[in-house]
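Chains A, B, C, D and E supply the protein sequences, listed in that same order. Each residue of the first sequence is one higher than the one before, counting from 21 in this note's numbering. Each residue of the second sequence is one higher than the one before, counting from 143 in this note's numbering. Each residue of the third sequence is one higher than the one before, counting from 777 in this note's numbering. Each residue of the fourth sequence is one higher than the one before, counting from 2 in this note's numbering. Each residue of the fifth sequence is one higher than the one before, counting from 38 in this note's numbering. Report on one structure; see the data block that follows.
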Amino acid sequence: MMLKLDDVTKEFRIGAFGGKSVTAVRNVSFDLGPGEVVSLIGESGSGKSTIGRMILGLNPVSGGSITFEGRPVRAGKEYYRHVQGIFQDPFSSFNPVFKADRVFGLIKDTYYRTVPGEEWARRVGDSLRDVRLDPGQVLGKYPHQLSGGQLQRLLIARALLLDIKLLVADEITSMLDASTRIDVLNLLADLKARGLGVLYITHDLSLGNYLAERTVVLRRGSVVELGPTERVFGDPLHPYTRELLAAVPRLHQEWADATPVDACLYHARGGTGGLMEAGPGHFVACAGLGTCP
Amino acid sequence: MSLRVSELKVYYRTLKGEVRALDGLSFGLADGEILGLVGESGCGKSTLGKSLIRLDGRMRHAGGTVVLDGEELPIADDRRMNDYRFHQVSLIPQYAMSALNPTRKIRRMVTELLRSRGVTLDTAELESRMSQVGLPREVLDRYPIELSGGMKQRMVMVVSTLLDPSLLIADEVTSALDVSTQKAVARALLGFRDSGYVKSMIFVTHDLALTHHIADTIMVMYAGRLAEKAPADVIVKAPRHPYTRLLLDSLPEVGVRHTDRRLTGIAGSPPSLLDPPAGCRFRDRCPIAGEECAEDPPVAEVAAGHYVACWKA
Amino acid sequence: MTALQEVAPRERAGVRREALYFAVRNGKLVTGFGIVLALLLLGLIVPVLLGGNPNEYGTRPMSPPSAEHWFGTTTFGQDIFLQFGHGLRSTFAVGAIGGGIAAAIGMLVGFVAGYRGGLVDEILNMLTNIVLVIPTLAVLLIINAYLGIRSVSVQGLFIGLTSWPWAARAIRAQTFSLRTREFVDLARMSGAGTWRIITREIAPNMSSYLFMTFILLFGGSILIASSLDFIGLGPTEGVSLGLMLQNANQWSALQLGLWWWFVPPGAAITAIVGALYVANVGLDEVFNPKLRET
Amino acid sequence: MRRYFGRKLLIYGLTFFVAVTVNWMIPRFMPGDPVASMVARANITQPAAVEAMRRYYSGLFGFDQPLWQQYLNFWAALFRGDFGLSIWLFPHPVSTVIGGAVPYTLALIVPSVLLSWVVGNRLGAYAARRKLLDNTVLPVGYVLTAMPYMWLAVLLAWALGVLAGVFPVAGGYSFSMRPNWSWTFLLDLLHHWTLPFLSLFLVALGGWAIGMRNMIIYELESDYSNYLAALGAPARLIRKYAFRNAVLPQITGLALQLGVLVAGALVTEIVFAYPGLGSLILKAIQNKDFFLLQGAFLFIVIGVLIANFIIDIVYVVVDPRTRAGMAGARA
Amino acid sequence: AACTGGGSTPTPPASPAQNQGAVASADPDSLPRNETLYTTGTQWGPPPNFNPIREWDSAVGTKGLVYETLFHYDPNAAKLTPWLAASGSWTDDTTYEVKLRPGIKWSDGQAFTAKDVVFSYELGKMETIPYHNLWDWLTAAEAPDDQTVRFTFSTANYQEWDFMLYSRSIVPEHIWKDRSESEVLDGVNENPVGTGAYTFMSKDQDRVVLRRRDDWWGKAALNMEPKPRYIVDIATPSNEVAMGMLLQKGLDLSNNFLPGVANLVQGNFGLTTYYDQPPYMLSANTAWLVPNSTRKPMDDPAFRKALASSINVKQIVEGVYGNLVKAASPTGLLPQWEQFVDQGVVGASGFGFDPAKAKKLLADAGYRDRDGDGYVEKKDGSKIALTLIVPSGWTDWMEAARSISASAKTAGIQVTPDFPDFNALVERRTKGDFDLLVNNERQLSNSPYTYYEYMFQLPVRAQQNTVNFARYENERAWGLVKQLDQVRTDDVEGMKKVISQLQQIHLDDMPIIPLWYNGLWAQASTSVWKNWPAANGSAPKTGAVMWRNWLELGGFETLTQLQPSGS
Ligand SMILES: Nc1ncnc2c1ncn2[C@@H]1O[C@H](COP(=O)(O)OP(=O)(O)OP(=O)(O)O)[C@@H](O)[C@H]1O
Ligand SMILES: Nc1ncnc2c1ncn2[C@@H]1O[C@H](COP(=O)(O)OP(=O)(O)OP(=O)(O)O)[C@@H](O)[C@H]1O
Ligand SMILES: [Mg+2]
Ligand SMILES: [Mg+2]
Ligand code: NI
């Protein structure tokens, strides 16, 4: 496995001199291979972004380990050559006082100092065309002169300039229009086909479902269900997953109330500590119902 | 017919000229009806909402009329409009999270607000409405920051509808909430209509799927104009305007995988409202545009209650 | 969909051009800077044009403004206009040095505390708070009293060393909010170091804010310096507006009816500081559309 | 809550410690020997007598002990309320000298700070978004804040005191009076207090008015104001709310400004020969009376710290957000 | 608006200033304006003590109004005026006998006797008491009876003794006898008990109030009565405040240096000074430029004389002081001592401002500008860069120092003014760590002796506290000074003979350079009190000052001559 999270925990210290702490992520384990898209779903504050940031080395882990290609994450030049991230708000991802193509310049400064200008321009052009952007249209402009979709694609192009193997995409489409959103998703799908691993973070279940092979459902920092997307969506075992699915508005379907669970499937099927494998690759956690021990 | 908007034009004054955010919009809304308003970002949804209750400093009423329950609303006259606000027309703003004065306990704020409108607070009524949306009465003695986003959202809903307005404008009230809260809030809105707290409602959102669950009628706007308006099911199942169709095509749904069905977006971007092109505004992005589209398409009623602004529809 | 999205992206177009547009049309800004510039020019030109030693005794003491002595003369016959010109220089110098040093310290502390956070932040914050609650003028009084201030630059230095805390606080808060912006993460993922991120990513984003901070510190330094000068803790060399005030007061200018000795320096300080404040509000209006008059 | 105040107290404690230490250090490591000046002032020629006197005073001020001992003594004395003896007003204890001056300073600072704050805020709030008022209040406000305290003070003294003869220009009360609790005396006190008060009040007033005006404009544009307006609430209510919220940062501003205000008061006192701490400090400086200077400085520091603390408490009381922020995890 | 006319003669305030006292005159706790004298200019802060031993900082009137001395001194008549003493005389060369006035009582009702006088003088036996050195030559003070005090001397220093007679306060033995040395030296002496015409009524931060004693002995014995029933001495923090109050008529007498007051005297402000034209004031002391003669090139009399000639005192007098002071005579002796100036010596050896002569003197002595920087160098070619120190904040002196620096430059001497704090200056002065300084610490007295002692006293010690800051060593001169001390004070000719020789030495060697005479600053308002001393007409010719040590020199007598303006 390319990326492996093992019992990852994150505590934030808050208050004076770190007097208190909140646990944002609790004992999360999953993995991700090349060419695979894993979607991370959960309500606001469930710890999705925190996991993404830990993988990107932007926040240190407080417990457990994250390894990339067998080595623990070490934020730095080498790591970022292979692992990159894109965030929710394309507008705040660009420094508003500089031109948008400065994001390429930053990469050149660190990774491709020796590449001559022409060669670099060619590479940038190629990479822009890869994300279906016209270099002439986007280069030399300020972020505010470009649309959200263009900016998100610029960021993807930037990541592609590096030899990346893993992309952490944290709600990259939630600020986009319905139609632009689908374009960006389709682009990710193409990249995946070229062997890129993607951690797709979202709270929109329909989007997670569109791309991902596997889905991880988070609640309050813990994984409640994890498995192949069709299993998780088709046969949700955890009451929370069911609730989420029931709340999603669908075009051709009336809102239904979640099918109530009378017993905790985890305990019913004899789970003892940790996640339990309920089907092939399909894991579930205890529902924490009144009947649970 | 409780609300009748005709040829409404509202422009924003900017440095570079006037942004024609609403450029001749006409539609009607019946008593008890919920109108879902959808459209791409920047198409003028919020502008419409604001126009019906309070123009902000940069907005200019450039023409058209709004008639509510047989009376014309003086929308350009801030002072006269005040009599209608809250009593006739009310609003749940997009910024519900920050709409409550942070330094007043909610009870006090509500009391003061009502008193300023010459109404005394009926606490029992207030509490019953709160319980209807699942808010405990203790909430009244809290400060807004002590409430979660969803609670604030629901509180604002209750406050805005306290005087049983005839028309309620709900602008993107659910977009900041997670799915489960979103569902609860949407249902509460339906409940309000059903309990008669509000007669009719305009529900603004960009989420077609969500609208479909709430609205009786859906109006699709494009670039400051009406594109299509029809009963909710008709819009979803049998859209006539190419824009509506393309919009529906780009919506992923639970169960749709790109490997199974690759959705497509709408190429291009909407025109600038600063100086919108003549003719059909969707022409540049329209896959089926033709010669005639150089002319403004009229809004035609193609079926009962189904209005479309397209030559090809 | 947040409010941000509502006005974006088209509204964002030309934020900077718009700022410039409003800047040249903002009466407050133009008047404010106009006055400051005019006085600065006066300070630069007068000593050069008139030449001579501003403290030199003249032949016609206590004469009212006239064609020969535009601002009249002192008890000692010194030309007040010439002193005024030199005084403006020192006053601007104190403002620049004091404001500059305070801004530099404030920026350093604010950026580091805001960006680094954690323990570093706690410690710097505490330092800031300590300097903040100590009544600085009292400290300056004491330091000046013991060390004695020889020159305008030393005075500026002391003022700078004590007047930075509020600036540090404000910059820290700004940095704090900028730090969570995603372009900072992006820069980190491009391999940029802390220093580079602070100077190349964060600082340029608050340039208008930093400039405004500097303006306020500048004005504040001038006022502090004039107070120090007035109670006799000013520089012992040279002329400053505060020293002129002190002299005029000490030699009972007002009681003796020599208003022309007492009024110009005070009026100039008021004008400079007031104009700076006005310009600052003008800037604020330029950068914060909400403040603009509708 | 406890935590919040604990933290504040820690900062105040540290500040106090630093202030005291600096205060103790400065005179001891600066040039100039207080004993020498004591001795020099007595017109003695006899070298033996000079030596005796020098020894005597060194012992009296404790300069003959090792430094660390002096430092500890300093703290110990401090807690006994003993700031040593004044050199300039030898042999009066510094504490009595300061005690005599403090009522005047407080009588000047407290009302001028509070009143200017209250009036300035009202004025600023009133002016905001009202074109006509804005165009008058604002410029006047700028001119007032930009004025050096002493300049305004001297102008006032000259115009209203010397020229118009309406107010006295010096002293805390008439030189013909003896302090007592009669109305005439209190009126007289007020008469003398007016000009210094006015100059402090006016300068501070301008600052608050401008601050408030800007603050309230932000508030008037805020979401809750818009919401109220959309529901047809009258402008009065909206302004009332905006005012309340805009006042909060002004409270913090008050804490930030305290040092400056105190400094202004000191300078103003000097101009009006008002018998408060300011005049005392000036004399202490001129006479190199560093025991007095230390005492006055410490007194000011303690005063400012206490004032800060009060402001902190007031802030917590009036702003529900801080309270919730302290109770909950994140503000 | 009234003062736009110009600086030369401002017009008085538009509306006559209201009298602040009037508001409260009905109140028992306020002082009736027409019986109260408001003074200022002596005290700069709260009254620190009422201890007459601490002559340098005791509250105004402690000595002179509350405590009294055996004699007063009348500078106009140049003689002692018996005060507590009825008479005093030398019974032989080394014995002085004082007869006290009968019937004097302390303010606590106890009788004043010879024992009190003996006790007071014997306090000087304590080492730290300022007049301790009196006992170097005084052997005994005895009281043979209640009205007689007999002083026996080992050496009779007549000149100094006269000074002692009018300078030493007499304190009541019955109250003071148990006080320790530190109490005598440092005690506050609250509630002082004296023999004087006033008692302290109250004190506050910025004032002391004195009330007249209606049972004062002098009323009958001297046929004198100070007119103000109350005296309020105000501690104004600065001159300009005093001037403001004077203009407001809240003040009757200001003993401050009020720059520009000449304009006001000429304008219609109701202000008077002793003279109605320059220098307006009597002279009180001499400001000297003191070169440190232990340093090169100030050790060279030729250089010092050149320096003396290079200073444009006139410019200081006119420019800095606006003619409120007088340029000093080359001898530095105050105008009151005119008779002791030997015109012959001054004519031959005197000096004046003369840059050419200064240059010549320098050149002759080998100080030449070798490197062409406009300043002369020492004989060995090294630079001369002198620093002139005056206390920071003493504005008139600071200006004067700048002026000196400028005029010395024209003669080629580089003098840089420097303004250390007073404390630091005192320290440097005491240790001799300076080039040049300005000093005026000797006041008018009964004899030029005090000036010459100040100039020539030997031996020079490591620390010079009050005299001979120049550290000038001339045995012959010091011998002459001691000789002068032993000339009887009524032997004017004898004094002149010695003084003439001293003047010759002074002018030849120029150990210190006289600059100007500081005024006996006294500006009075005639709105409430009139008949202030003035040179013209029948007005009193005494000094109108409340300064410490000056009440005995005529200040008290002035109080007795005042008249209410209303009458
Ligand atoms: N820097 C931080 N300091 C303290 N707590 C933090 C920090 N960052 C995140 N948290 C907390 O960690 C928890 C998880 O936050 P996170 O941003 O990972 O949630 P999320 O699932 O991404 O939510 P959203 O959908 O709103 O983006 C939240 O409770 C948040 O308050
Ligand atoms: N204050 C303003 N000044 C100038 N133009 C504005 C202003 N507010 C909105 N506009 C413009 O008016 C048009 C309509 O804006 P409106 O806010 O009504 O769109 P919307 O449909 O509500 O979009 P969203 O889905 O993003 O909320 C847009 O082109 C927008 O740029
Ligand atoms: Mg997130
Ligand atoms: Mg909107
Ligand atoms: Ni279970």
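All residues carry an ideal CB built from backbone N, CA and C; glycine is no exception.
Asked: Can you pull out the residues from the segment 147–171 of chain B whose beta carbon lies closer than 7 Å to at least one beta carbon of chain D?; Found: none
Asked: Please list the residues of the segment 72–85 of chain E that have a C-beta atom closer than 8 Å to any C-beta atom in chain D, keeping them in chain order.; Found: 73, 75, 81, 82, 83, 85
Asked: Can you name the start and end residues of the beta strand (DSSP E) that residue 119 (chain E) belongs to?; Found: 116–119
Asked: Taking a cut of 8 Å between CB atoms, which residues from the segment 321–353 of chain E lie near chain C?; Found: 352
Asked: What residues from chain C crowd round residue 123 (chain A), counting only those whose CB sits closer than 7 Å?; Found: 962
Asked: Is the segment 357–369 of chain E in contact with the segment 514–526 of chain E, if contact means three or more CB pairs nearer than 8 Å?; Found: no
Asked: Using a threshold of 8 Å, state whether the C-beta atoms of residue 242 (chain D) and residue 224 (chain B) are closer than that.; Found: no
Asked: Tell me which residues pass a beta-carbon proximity test against ligand 7: closer than 6 Å to any heavy atom, given in chain order.; Found: Looking for ligand 7 in the displayed structure turns up nothing; the ligands present are ligand 1, ligand 2, ligand 3, ligand 4 and ligand 5.
Asked: Does the pairing of the segment 248–256 of chain B with the segment 214–222 of chain B give three or more beta-carbon distances under 8 Å?; Found: no
Asked: Taking buried to mean at least 16 other C-beta atoms within 10 Å of its own C-beta, is residue 191 (chain D) buried or exposed?; Found: exposed
Asked: Provide the residue span of the alpha helix (DSSP H) that contains residue 1020 (chain C), from first to last.; Found: 1017–1026
Asked: Do residue 149 (chain D) and residue 1002 (chain C) count as a contact pair if the criterion is CB distance below 8 Å?; Found: yes
Asked: Which whole-angstrom value is the C-beta distance of residue 207 (chain B) and residue 290 (chain B), which I expect to be below 8 Å?; Found: That pair is no contact at about 41 Å.
Asked: When you compare only the Cα positions, how much space is there between residue 158 (chain A) and residue 78 (chain A)?; Found: 28 Å
Asked: Given 8 Å as the limit, is there contact between the segment 886–895 of chain C and the segment 940–952 of chain C, that is, 3 or more CB pairs closer than that?; Found: yes
Asked: Mind pulling the chain D residues with CB within less than 7 Å of residue 1036 (chain C)?; Found: Within 7 Å Cβ-Cβ: nothing; residue 1036 (chain C) doesn't reach chain D, min ~13 Å.
Asked: Can residue 348 (chain B) be considered in contact with ligand 2, in the sense that its beta carbon sits closer than 7 Å to one or more heavy atoms?; Found: yes
Asked: Classify residue 328 (chain D): buried if its beta carbon has 16 or more other beta carbons within 10 angstroms, exposed otherwise.; Found: In this predicted model, residue 328 (chain D) has a pLDDT of only 40, less than 50, meaning its place in the structure is not dependable; the value taken from the coordinates is given anyway. Exposed, since its Cβ has fewer than 16 Cβ neighbours within 10 Å.
Asked: Which residues in chain A have a C-beta closer than 7 Å to the C-beta of residue 407 (chain B)? List them in chain order.; Found: 199, 200, 202, 203
Asked: Hey, how far is the Cα of residue 374 (chain B) from the Cα of residue 187 (chain A)?; Found: 39 Å
Asked: Hey, how far is the Cα of residue 116 (chain D) from the Cα of residue 579 (chain E)?; Found: 52 Å
Asked: Is the closest heavy atom of ligand 2 to the C-beta of residue 239 (chain A) under 7 Å?; Found: no
Asked: Is residue 311 (chain A) close to ligand 2? I mean its beta-carbon at under 7 Å from any heavy atom of the ligand.; Found: no
Asked: Using 8 Å as the limit for Cβ to Cβ distance, is residue 947 (chain C) near chain D?; Found: no
Asked: Using a C-beta to C-beta distance shorter than 7 Å, which residues of chain H count as neighbours of residue 113 (chain A)?; Found: Looking for chain H here will not work: the only protein chains present are A, B, C, D and E.
Asked: Skipping 5 residues on each side, what residues in its chain have a beta carbon closer than 8 Å to that of residue 83 (chain E)?; Found: 240, 241, 242, 243, 272
Asked: Spatial neighbours of residue 992 (chain C) within its chain, please: C-beta separation below 7 Å, excluding the five flanking residues on both sides.; Found: 1056
Asked: Taking residue 995 (chain C) as the reference, which of C:1053, C:798, C:882, C:853 has the closest Cα?; Found: C:1053
Asked: At 3 residues or longer, what runs of the beta strand (DSSP E) sit wholly inside the segment 340–378 of chain B?; Found: 342–346, 359–364, 367–373
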